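Everything below concerns the one structure shown next.
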Amino acid sequence: MPQLADANASVVIERLRAWNPGCIAQIIEYRGETTIVVPHKLLLAVAKQCKEDPALNFNQLSDATCVDRFPNEPRFELNYQLLSIPRLARIRLRTSVSGQQPVIDSLEPLWPGANWMGTGNFRLVRHPV
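What the sequence shown shows, in the numbering used here, is residues 43 to 171, in sequence order.
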């Protein structure tokens with residue numbers, strides 16, 4: 043595993059792997075930032091773990107973006123910037139969905155700001171948490 047730019051990132055990775063060994067598909071380190079790539083079917087569960095695990099405590103979703111990688115598949119890449127204010131830590135969760143089935147669980151049940159201005163971009167499927 044490459045040297046992590048942030049010690050906080052290693053805590054997150056360690057806790058997530060202990061919780062579910064299959065929840066991390068890839069770790070990307072770039073310019074001092076850590077991105078944890080997760081399978082799209084586990085996005086909501088991983089985000090919930092990041093928020094509710096007291097050792098992680100990511101209490102804020104600070105940004106959510108989507109990249110259209112057309113004509114590549116999976117076509118859509120979703121990035122979620124999580125912030126733990128008490129721990130002064132940040133992490134990015136990334137997942138991808140295909141253009142044929144562009145459906146993903148919303149993070150709105152965890153962070154209502156995921157539906158900021160009612161755009162619906164990240165509110166494709168809603169499940170109780």
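All residues carry an ideal CB built from backbone N, CA and C; glycine is no exception. A quick note: this is a predicted structure, and the numbers were derived from the prediction, not measured.
query, result
"Per-residue DSSP class, three states only, for alanine 131", "strand"
"Residue nearest to glutamine 68 in terms of C-alpha spacing, selected from Gln123, Pro151, Thr77, Trp61", "Thr77"
"Closest Cα partner of alanine 87 within the set Leu149, Ala106, Ile127, Pro144", "Leu149"
"Boundaries of the alpha helix (DSSP H) in which cysteine 92 is found, first to last residue", "85-94"
"Close-in-space but distant-in-sequence residues of the same chain around proline 81 (CB under 6 Å, 5 per side omitted)", "Ala67"
"Pair within 9 Å by beta-carbon distance, phenylalanine 100 and leucine 84", "no"
"The alpha helix (DSSP H) enclosing alanine 51, as first and last residue numbers", "49-61"
"Reduced DSSP secondary structure (H/G/I, E/B, other) of asparagine 121", "strand"
"Spatially closest choice to cysteine 92 from Ile70, Cys108, Val145, Arg59, by CA coordinates", "Arg59"
"Terminal residues of the beta strand (DSSP E) in which glutamine 68 lies", "68-72"
"Own chain partners of arginine 134 with C-beta closer than 8 Å, once the 5 adjacent residues on each side are dropped", "Glu75, Thr76, Thr77, Ile78, Asn121, Tyr122, Gln123, Leu124"
"Alanine 106 in three-state terms, based on DSSP", "strand"
"Buried versus exposed, by CB contacts within 10 Å (16 or more), arginine 136", "buried"
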